[in-house]
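**Student:** Have a look at this one.
Residue numbers (this note's numbering): 19 to 91.
Shown next, in the form of structure tokens:
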């Protein structure tokens with residue numbers, strides 16, 4: 019029974035939605051830097067999800083995948 023809860027929790031974790039501030043903190047960047055990354059077509063930054071007319075969110079998994087792709091070996 020415990021393992022089922024753990025599995026469910028893992029799925030929920032990947033569906034977490036991040037605010038602009040959350041993304042800035044995760045990437046350790048400023049708001050202007052996030053804006054530049056979002057505007058850069060070559061950056062291939064994940065598309066945000068509009069939750070209201072003024073608020074957007076990103077899936078945590080999408081942002082983490084983007085960050086992983088940008089790492090240099």
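Positions of the beta carbon are idealized from the N, C-alpha and C atoms, including for glycine. Keep in mind it's a predicted model, so treat the numbers as computed, not measured.
1. Looking at the secondary structure, which residues open and close the alpha helix (DSSP H) in which residue 41 lies?
2. Three-state secondary structure (DSSP) at residue 34?
3. Compare the beta carbon distance of residue 34 and residue 87 with 8 Å and say whether it is the shorter of the two.
4. Using alpha carbons as the reference points, say which of 50, 82, 43, 72 lies closest to residue 62.
5. Return the CA-CA distance between residue 45 and residue 57, expressed in angstroms with no decimal places.
**Tutor:** This is what the structure holds:
1. In the DSSP assignment, residue 41 falls within the unbroken alpha helix (DSSP H) covering 38-45.
2. DSSP places residue 34 outside both helix and strand once states are collapsed to three, so it counts as coil.
3. The Cβ-Cβ distance between residue 34 and residue 87 does not fall below 8 Å.
4. For the options 50, 82, 43, 72, the alpha carbon positioned closest to that of residue 62 is the one of 82.
5. Using only the alpha carbons, I get a separation of about 16 Å.
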